[in-house]
Amino acid sequence: MRGMDRTLDIAHQIDLTGFPAGVTVTHEQASEGVLLRAEQGGRGLELWLTTDAMKMYGPGPAVAMALSHLKQAVEAGLPEKEDGAYHRAVFLGD
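The structure is reproduced here in structure tokens:
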């Protein structure tokens, strides 16, 4: 969503989510959504939050839900990279 950074501070939401120590969470915005990435050592997971999901739930709630799912994955144990890439999940709108 264009202009989302003006109304939504994703880095602040990442901080508020309370990921465990040693886990790095980053985000990248694109025209089709936001890519959230949790990394720890050689392990990690990417979660693609689509623009449709953000339109359906609202940008703030959608990012909060996506970060909650990402945190659950971190707590369950991040998968190892395969062929140099992290596993990717997608958070869609209906």
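Per the numbering used here, the sequence shown runs over residues -1 to 92. All C-beta atoms, glycine included, are put in the ideal place defined by N, C-alpha and C.
When the Cα atoms are used, what is the spatial distance from Ile8 to Lys69?
Distance from the CA of Ile8 to the CA of Lys69, rounded to the nearest whole angstrom, comes to 15 angstroms.
Which complete beta strand (DSSP E) runs does the stretch 19 to 55 hold, if anything under 3 residues is left out?
22 to 28, 31 to 38, 41 to 48
Got a sec, what are the start and stop residues for the alpha helix (DSSP H) Ala62 sits in?
It spans 57 to 74 - the alpha helix (DSSP H) in which Ala62 sits, taken as one unbroken run.
In whole angstroms, give me the CA-to-CA distance for Gln27 and Val61.
12 angstroms
Buried or exposed: where does Arg0 fall if 16 or more other Cβ atoms within 10 Å of its Cβ makes it buried?
The pLDDT assigned to Arg0 is 45, lower than 50, so where the model puts this residue is not dependable; a value taken from the coordinates is nonetheless given after this. Arg0 should be labelled exposed.
Near Thr15, what residues of its chain come up, given a Cβ to Cβ distance below 6 angstroms and the 5 sequence neighbours on each side ignored?
Non-local C-beta neighbours of Thr15 in its own chain, meaning closer than 6 angstroms and more than five positions away in sequence, comprise Leu65, Lys69, ordered along the chain.
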